[in-house]
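According to our numbering, the sequence shown is numbered sequentially starting from 648.
Okay, structure first, notes after.
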Amino acid sequence: MITPRFSCSQSEDAVIVTMYCPSVRASDVEISVDDTLFSIHVNPYFLRLNFPHPLRGDEDASASYDAGTGYLTVSLNKETKGQDFKDLDLLAKLLAPRPAEQIPEEPGIEVLASEDAHRDDDSELAERAQQLTLEQREILEAANNDWQLPQETPEPLPPLRTTPEHRYGFLDMHIGYFRHVAHAENEVNELGPDAETMPPAERRKRRLIHEQEKWDDEYYMADFVDDEYIQELLAWASPVAGTTDGHHFTEEENATMLRLPRKEYSTIPQQTHDLYLTLLTLLFSYAYETRTTQQDPTPESAWTLASLTPAFSALDPAPYHALPERSNPASFTETELSATFVASYRRALAFPLFRSFALAERCRADVVDILAGGRRLVTRCLLGMKHVLDHHEVYYVYSKVWVDDYCVWTLAYTRHALFPSLSRKIAGLKIAKSMVGWDLDELESAALEETERQSDSDDESEDEIEQMLPAPL
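Written as structure tokens, this is what we have:
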């Protein structure tokens, strides 16, 4: 079946779905409405949408077909007239499967019946005691003697593994994408042919070692001194600054959302929490690539995006700071947010063309602006990242294992109000240069001293040359 291009709008009483279905027979249209779920089939097209509020039955729906334009328009009456159906432009959210009922985090106890446990009939108690087995009698005798037996909680067993491969990607759902990596020109892959079999702890260790190897203090000092072009990048006005959540997706973005996978993500609170943290690293990479190219992607843009994202280059997602598990996915501490951005800062200072701490700080400010724009702007940035990666013959793999799922998850499963709150927390962070792990302050001081020394030396040379020249007549 083919998913048609479609759009949704609403009036006071109805939701209107417009589909592009050229060369079909209008008499073959089959419409079904089940509470919030709407589906329509007209060979060879099929569309199923899940709306936020209930609709009236399919007998109240109406459809019209314009053979000249190929558009089929379906009007679905609202169960409650005047009710506002939000996010009708988030196509991936409408296409997502109906979410399952939430499983309670703690088991509940339902009392089916109760009775008074007090017994006055000693004979009944004695009769039951006579029916005890030998083992039950020994247990009862031990209880009467108040024996204190040692009680220890056994150590949890490691998860049973039936394959040497370790999963990776969004919610560790993917495997097999790097089995033939040795034959692909994947320059950002830091795990080599071991990408499929390396455990998460070893991936992080390998990433940190590689960052240390790629760190070049002379390169950093040169960019710090000769920063004319970096100053231009810092002054560039990003178009996302001040963007509100009320913009509309382009036709190309809508077409991309229609091609996204239709998945349902069942996550525990800690997984949801970690997904938000990893999302910050993706947005930072996007902000760096966008600012350094001034939103005009180059052939190196896919390499930049993949190199700056730890979850791509080393399959190492957040969290990057050891913290106890939390039950509230919306609670983010300053420590873990700082650790997340430090991981991105290290990448930005060790790999790309422009290596500047000030530039990294400016990219974090761009992330603040993106999050302040809300769910739609975050999704638009992810779609931009996906567009760059999809057009690369090697790095498209990171779009498959990370970005595709992130687009669907952001549209259908994230909390809209959480993004502005997260934006404010990130704006208030104070990331010191010492947190990166390299002696940035010392390097900058040494670079300034060398610049001043060379300047003084040049002045002295000019004075000596003037003294050697003959006096004017």
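Backbone N, C-alpha and C define an ideal beta-carbon position, used for all residues, glycine too.
Note that the structure is a prediction, hence the values are computed from the model and not measured.
Contact between residue 699 and residue 733 holds: CB atoms are separated by about 6 Å, below the 8 Å threshold. Residue 993 is classed as buried because its beta carbon has at least 16 other beta carbons within 10 Å across all chains shown. Bounds of the beta strand (DSSP E) holding residue 697 are 692-697. Boundaries of the alpha helix (DSSP H) around residue 919: 916-940. The continuous alpha helix (DSSP H) containing residue 1028 extends over residues 1022-1037. Here residue 863 carries a coil assignment [DSSP, helix/strand/coil]. With at least 16 other beta carbons inside 10 angstroms of its own, residue 920 counts as buried.
Look at residue 710 here: in three-state DSSP terms it is strand.
Bounds of the alpha helix (DSSP H) holding residue 1070 are 1065-1074. With contacts defined as CB atoms closer than 7 Å, residue 1054 and residue 1018 fail to qualify as a contacting pair. Burial check for residue 664: the Cβ neighbour count within 10 Å reaches 16 or more, so the residue is buried. Following the DSSP letters along the chain, one finds residue 718 inside the beta strand (DSSP E) bounded by residues 718-724. One Cα belongs to residue 902, the other to residue 718, and the distance between them is close to 16 Å. Residue 1045 is not a Cβ neighbour of residue 1037, given a cutoff of 7 Å. In the displayed model, residue 1017 falls within a helix according to three-state DSSP. Apart from sequence neighbours up to five positions away, the residues of its chain that approach residue 1067 with a beta-carbon distance below 8 Å are 1018, 1019 and 1021, ordered along the chain.
With distances taken between CA atoms, residue 676 lies nearest to 692 out of 661, 682, 662 and 692.
Here residue 728 is exposed. Its C-beta has fewer than 16 other C-beta atoms within 10 Å. An exposed status is given to residue 982, since fewer than 16 other beta-carbon atoms sit within 10 Å of its beta-carbon. Contact between the stretch 929-946 and the stretch 810-823 is absent, with fewer than three C-beta pairs closer than 8 Å. Distances from the CA of residue 1005 to each of 844, 952 and 1078 were compared; the closest alpha carbon is that of 1078.
If you draw a straight line from the Cα of residue 689 to the Cα of residue 672, it is about 8 Å long.
Taking all protein chains in view, the Cβ of residue 816 is crowded by 16 or more other Cβ atoms within 10 Å, so the residue is classified as buried.
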